[in-house]
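Enquirer: A single structure is presented below for examination.
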Amino acid sequence: TSQPPSYPYAAPASEAWFERASAVIPGGVNSPVRAFRSVGGTPRFMASATGPYLTDVDGREYVDLVCSWGPMILGHQHPTVLEAVHEASRRGFSYGTPSENEVLLAEAIVNRVEPVEQVRLVSSGTEATMSALRLARGFTGRSVVVKFAGCYHGHVDALLAHAGSGVATFALPDSAGVPASSAGETIVLPYNDVRALEETFARRGDEVAAVITEAAPGNMGMVPPAPGFTAALRRTTREHGALLISDEVMTGFRASAAGWYGLEGPTVHGSPDLFTFGKVMGGGFPAAAFGGRRDVMAHLAPSGPVYQAGTLSGNPVATAAGLATLRGCTPAVYERLEQAAHAIADGVTAELSAVGVAHTIQWAGSMFSVFFREGPVLSYADAQGQDTAAFGRFFHSMLSQGVHLPPSAYECWFVSAAHDDAAVDRVLAALPAAARAASA
Ligand code: PLP
Numbered sequence: 002t003s004q005p006p007s008y009p010y011a012a013p014a015s016e017a018w019f020e021r022a023s024a025v026i027p028g029g030v031n032s033p034v035r036a037f038r039s040v041g042g043t044p045r046f047m048a049s050a051t052g053p054y055l056t057d058v059d060g061r062e063y064v065d066l067v068c069s070w071g072p073m074i075l076g077h078q079h080p081t082v083l084e085a086v087h088e089a090s091r092r093g094f095s096y097g098t099p100s101e102n103e104v105l106l107a108e109a110i111v112n113r114v115e116p117v118e119q120v121r122l123v124s125s126g127t128e129a130t131m132s133a134l135r136l137a138r139g140f141t142g143r144s145v146v147v148k149f150a151g152c153y154h155g156h157v158d159a160l161l162a163h164a165g166s167g168v169a170t171f172a173l174p175d176s177a178g179v180p181a182s183s184a185g186e187t188i189v190l191p192y193n194d195v196r197a198l199e200e201t202f203a204r205r206g207d208e209v210a211a212v213i214t215e216a217a218p219g220n221m222g223m224v225p226p227a228p229g230f231t232a233a234l235r236r237t238t239r240e241h242g243a244l245l246i247s248d249e250v251m252t253g254f255r256a257s258a259a260g261w262y263g264l265e266g267p268t269v270h271g272s273p274d275l276f277t278f279g280k281v282m283g284g285g286f287p288a289a290a291f292g293g294r295r296d297v298m299a300h301l302a303p304s305g306p307v308y309q310a311g312t313l314s315g316n317p318v319a320t321a322a323g324l325a326t327l328r329g330c331t332p333a334v335y336e337r338l339e340q341a342a343h344a345i346a347d348g349v350t351a352e353l354s355a356v357g358v359a360h361t362i363q364w365a366g367s368m369f370s371v372f373f374r375e376g377p378v379l380s381y382a383d384a385q386g387q388d389t390a391a392f393g394r395f396f397h398s399m400l401s402q403g404v405h406l407p408p409s410a411y412e413c414w415f416v417s418a419a420h421d422d423a424a425v426d427r428v429l430a431a432l433p434a435a436a437r438a439a440s441a
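Just so we're aligned, residue 2 is where the sequence shown starts under UniProt numbering, counting upward by one.
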């Protein structure tokens, strides 16, 4: 096993950039969780990325266990994706007209996720969930939406109530600036609680346009649906004429080739009506999608009355990157994700157990997260019982040894198919010291 590098804590170039950034960008970052607020310290500014590694502006290399929060499933600068991006960009950056790659990417999605008959391409996961929600409201003529505490669906007004990810990290109950009228149409229920779901539908079922859920929630840490929960969502929504929206922005094309649906879907009686996708399908570029039943999608403009649009939707470079990434996701890729993820998770368990740090690791396919508490974790309330201070010490020890974890205890750890044995060994070699730091 190669020894991990040991870096001094100070990162002078990142610190200088962070100071400059903080003058002109609120909090110095363009997405809150990047700011390291929950673990403390200075975020590392990256200069480049190759395969499983990031290199920061101080010239230090890190094994990347963030993978851009999911998209980089093949690793950074994968040769065939890079070539597709070069090739597409030589033919122009944006046309504002239909183009071939949009069709190929839409077909790639429809071919992989069986219940999806049509998709509309957008530029971010937030846009996808926002649009799916509008479509569900337009289709049903109802306005109430049901979501689950700890599920994050992007920063859509109606969905920012009790959300996970950065909202969990900062323990914000809600966001300022979301009108009460908007949040008032949202019902938030505890995850994995069939009784709460059925009671709510018994009272207000005829007002509910849609239930939206993360297919396997990864934004409060990984909390997969308990057996029967997804089936209960399908049964209850159908009984009351509401749509079921499965948010696969994170799990799509990652948990399996057909996302979480590919793992659980066939065991549930009936498919979700709508899906949302992002991350992997853009290959690191801004591309996302929502799609599902043809009769529902027919309500979108220009065929139907639900308006939705985008200057950069279906961008030719982003769609080329996404298509090359999906084509690159072979069975061998999923096998490698699983091997690398399990090797890392086994190491975490061994080292944290050796020093008596309470923890549990939960999975959805090859996706996993480490909770710094005993399991099982079935809901957001459970996830909030973690020792986040212990995670912070663990995180900084890993960082100083050249391993970049997500800077929050509420996030999944992401690997790529480029995480070879050398990269995994570097993670494993860093774990004993990090576990000791966590136990301190
Ligand atoms: N839905 C889920 C499940 C997500 O994990 C995310 C982002 O982390 C989003 C939606 C929002 O996607 P984006 O950040 O591209 O707007």
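Built from N, CA and C at the ideal position, the CB exists for glycine as well.
Measuring alpha carbon to alpha carbon, tell me which residue in Val-114, His-420 and Thr-326 is nearest Glu-84.
Expert: Closest option to Glu-84, Cα to Cα, is Thr-326.
Enquirer: DSSP state of Ser-144, grouped into three classes?
Expert: If DSSP states are grouped into helix, strand and coil, Ser-144 belongs with coil.
Enquirer: Quick check: Val-250 and Gly-126, are their CB atoms within less than 7 Å of each other?
Expert: Result yes, Cβ atoms of Val-250 and Gly-126 sit closer than 7 Å.
Enquirer: Any heavy atom of ligand 1 closer than 6 Å to the Cβ of Met-73?
Expert: No, ligand 1 has no heavy atom inside 6 Å of this Cβ.
Enquirer: DSSP on Thr-350, reduced to helix/strand/coil?
Expert: Three-state result, Thr-350: helix.
Enquirer: Quick one: complete beta strand (DSSP E) runs, 3+ long, within the segment 306-374?
Expert: DSSP runs (the beta strand (DSSP E)) wholly in the segment 306-374: 361-365 and 368-372.
Enquirer: Distance check for Ala-211 and Ser-304, CA to CA, integer angstroms please.
Expert: Their backbone Cα atoms lie some 22 Å apart in a straight line.
Enquirer: For Val-250, list the residues DSSP reports as bridge partners.
Expert: Answer by DSSP bridge pairing: none, since Val-250 is not bridged.
Enquirer: Could you check whether Thr-187 and Ala-159 sit closer than 7 Å to each other, using their CB atoms as the reference points?
Expert: Cβ distance < 7 Å, so Ala-159 and Thr-187 count as in contact.
Enquirer: Please determine whether the Cβ atom of Glu-215 lies at a distance below 6 Å from any heavy atom of ligand 1.
Expert: Yes.
Enquirer: With distance defined between alpha-carbon atoms, name the residue in Trp-70, Ala-24 and Cys-413 nearest to Gly-219.
Expert: Of Trp-70, Ala-24 and Cys-413, the residue nearest in Cα terms is Cys-413.
Enquirer: Look at Phe-373 and Phe-396 and say whether their C-beta atoms are less than 7 Å apart.
Expert: Against a cut-off of 7 Å, the Cβ pair of Phe-396 and Phe-373 comes out as no contact.
Enquirer: Any residue with its Cβ nearer than 5 Å to a heavy atom of ligand 1 should be included. What is that list in chain order?
Expert: Every residue passing the under-5 Å Cβ criterion appears here: Ser-125, Gly-126, Thr-127, His-154, Gly-155, Glu-215, Asp-248, Val-250, Met-251 and Gly-279.
Enquirer: Between the Cα of Ala-259 and those of Phe-276, Gly-271, Ser-39 and Val-371, spot the shortest distance and give me the residue it belongs to.
Expert: Here the closest residue by C-alpha is Phe-276.
Enquirer: Does the Cβ-Cβ distance between Ala-435 and Met-399 come in under 7 Å?
Expert: In this structure, Met-399 lies closer than 7 Å to Ala-435 by Cβ.
Enquirer: Looking at the unbroken alpha helix (DSSP H) that takes in Leu-106, where does it start and where does it end?
Expert: Run containing Leu-106: 101-113, per the alpha helix (DSSP H) assignment.
Enquirer: From the DSSP output, which residues share a beta bridge with Asp-57?
Expert: Its beta-bridge partners are Met-47.
Enquirer: Taking DSSP's pairing of strands, which residues face Asn-220 in a bridge?
Expert: DSSP lists Gly-222 as partners of Asn-220.
Enquirer: Beta carbon of Leu-245, beta carbon of Asp-274: below 7 Å?
Expert: Yes, the Cβ-Cβ distance between Leu-245 and Asp-274 is below 7 Å.
Enquirer: Going by DSSP, which residues form a beta bridge with Trp-70?
Expert: According to DSSP, Trp-70 bridges with nothing at all.
Enquirer: Which residues in the same chain have their Cβ closer than 6 Å to the Cβ of Gly-323, if we skip the five residues on either side of it in sequence?
Expert: Excluding positions up to five away in sequence, the list reads Leu-106, Met-282, Gly-283, Gly-284 and Ala-288.
Enquirer: Using only the heavy atoms of ligand 2, determine whether one of them is closer than 6 Å to the beta carbon of Ala-410.
Expert: Absence of ligand 2 from the depicted structure is noted, with ligand 1 being the only ligands included.
Enquirer: Can you check whether the C-beta of Glu-84 is within less than 7 Å of a C-beta belonging to chain C?
Expert: Protein chain content of the structure displayed is limited to a single chain, and chain C is not contained in it.
Enquirer: What residue does the beta strand (DSSP E) around Gly-292 start on, and which one ends it?
Expert: Start and end: 289-293.
Enquirer: Taking the straight line between their C-alpha atoms, what separation do you get for Leu-173 and Asp-57?
Expert: Note that Leu-173 scores a pLDDT of 46, beneath 50, so its modelled location is shaky; the value from the coordinates is reported in the next line. When rounded, the distance between both Cα atoms is 30 Å.
Enquirer: Does the Cβ of Tyr-10 have 16 or more other Cβ atoms within 10 Å, making it buried, or fewer, making it exposed?
Expert: Label assigned to Tyr-10: exposed.
Enquirer: With H, G and I counted as helix, E and B as strand and the rest as coil, what does DSSP make of Leu-406?
Expert: It is coil, neither helix nor strand.
Enquirer: Do you know offhand how far Ser-176's Cα is from Leu-313's?
Expert: Answer to the nearest angstrom: the Cα atoms are 27 Å apart.
Enquirer: Pull up the DSSP beta-bridge partners for Glu-121, would you.
Expert: According to the sequence as given, residue 121 is Arg; it is not Glu. The partner list for Arg-121 (beta bridge, DSSP) reads Phe-291.
Enquirer: Starting from Val-212, follow the beta strand (DSSP E) in both directions and report where the run begins and ends.
Expert: Val-212 -> beta strand (DSSP E) spans 209-215.
Enquirer: Among Val-356, Asp-347 and Ala-382, which one has its Cα closest to the Cα of Ser-370?
Expert: That would be Asp-347, whose Cα lies nearest to the Cα of Ser-370.
Enquirer: Judging by CA-CA distance, which residue of Ala-438, Arg-437, Pro-433 and Leu-429 is the nearest neighbour of Leu-66?
Expert: Checking every option, the nearest Cα to that of Leu-66 belongs to Leu-429.
Enquirer: Once the 5 residues before and after Arg-337 are set aside, which same chain residues still bring their CB inside 7 Å of it?
Expert: So the qualifying residues of the chain are Ala-418.
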